[in-house]
Structures are given as C-alpha cells and as structure tokens.
Amino acid sequence: MRRFISRIIKPWLALAATAAMVGATQQGCSKDASTAKAPEAAAAPEKREGGVRIVELSVTEKGYEPSPVSLKKGEPVKLVVTRKTDHTCATEVVMDGYGINTPLPLNQPVEITFTPKESGKLVYGCAMGKMISGVFMVD
Ligand SMILES: [Cu+2]
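Per numbering that gives the first Met the number 0, residue 0 is the first one in the sequence shown, and the count goes up by one each step.
Here's what the structure looks like:
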C-alpha cells in the first residue's frame, strides 16, 4: 500500500515543483520583483568620465540592478542600461520629470543621460506605472 501511495505522490510533487519554477520565471510585473531586492548592491565604486558620472545598470529577473544608487544633485549622469532578460515587462526606462522613456533592446547597452535636479528619491521603472522599478537617492 505504501509503495502505491508514493508512486502516486512522486509525480505529483514533480509537477508541483515545475509549476513553482514556471511561476518564478514568469513573474512579469509582480511587485515582488522590485521589493525583494537586497540593498547591498549600492556599494559599487563610482565611475566618472570628464565630470559625468557613469552608472551601469542591468535589467534582470530581479528588476533593475543595482538599486538604490546614490547620485549628486547637479552632477550629470550617464546611465548605461543593459536588459538581460525577456521574462519581465521591464523593457524600457521611464523617468518622470526628465522626459525619459527609453526602450531597452535585449542585450544591447543603451545610454541615457540626465542631470538630477532635486534631492531626494528618484524612482524610475517600466512603462506600466513602474510596477518594476529602481531608485536613485539624490543628495
Ligand atoms: Cu511593468
């Protein structure tokens, strides 16, 4: 009897595990994608080129990385954004107040230049109300 039960249960467990994995990779616009991010990513060394701060960002299944990134008010920034996944809806960078709405072709670095004009939290994200988002902390 026991053997019979495990023969029924095992394939069922395998099916459940597969379903869980599919759910994880197709998270799309779920809030978890952005809130689950660890803040440890902020510690990357700062890069500059002729007075322009260079910030490299990736779009992965966890969202925009690294985030948050610290910027300085009035210092020009060049974002170099590479989208590395096709499994989320984060296929552009939208930043309100700066007229930025830039498509991100897969695996192609895209440069976006802007100058933070106000201190505080600057949120950017996908075109659907920034359900997937990243943050700049402007000093
Ligand atoms: Cu979205």
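Note that CB positions come from ideal geometry on N, CA and C, so glycine has one too.
Three-state class that DSSP yields for residue i in the structure shown
i	result
residue 92	strand
residue 114	coil
residue 123	strand
residue 136	strand
residue 62	strand
residue 99	strand
residue 84	coil
residue 72	coil
residue 77	strand
residue 46	strand
residue 53	strand
Heavy atom of ligand 1 within 6 angstroms of residue i beta-carbon
i	result
residue 94	no
residue 127	yes
residue 99	no
residue 131	yes
Closest residue to residue i among the options (Cα-Cα distance)
i	options	result
residue 121	110, 134, 128	134
residue 62	82, 49, 98, 94	82
residue 95	114, 79, 49	114
residue 137	78, 67, 98	67
residue 60	110, 116, 98, 89	89
residue 108	50, 93, 97, 58	58
residue 72	128, 116, 130, 129	116
residue 84	105, 74, 93, 97	105
Close-in-space but distant-in-sequence residues of the same chain around residue i (CB under 8 angstroms, 5 per side omitted)
i	result
residue 91	100, 101, 102, 103, 125, 126
residue 34	Unreliable placement is indicated for residue 34, whose pLDDT of 48 sits below 50; no coordinate value is reported for it.
residue 54	46, 68, 70, 76, 77, 78, 79
Status (buried if at least 16 other CB within 10 Å, exposed otherwise) for residue i
i	result
residue 118	exposed
residue 87	buried
residue 56	buried
Own chain partners of residue i with C-beta closer than 7 angstroms, once the 5 adjacent residues on each side are dropped
i	result
residue 45	52
Close-in-space but distant-in-sequence residues of the same chain around residue i (CB under 6 angstroms, 5 per side omitted)
i	result
residue 112	77
residue 22	Bear in mind that a pLDDT of 42 at residue 22, under 50, signals an unreliable position, so the number given afterwards is only what the model happens to contain. Cβ within range, chain order: n/a, list empty.
residue 74	52
residue 24	The pLDDT assigned to residue 24 is 45, lower than 50, so where the model puts this residue is not dependable; a value taken from the coordinates is nonetheless given after this. Counting only Cβ-Cβ distances below 6 angstroms, and skipping sequence neighbours, we find 86.
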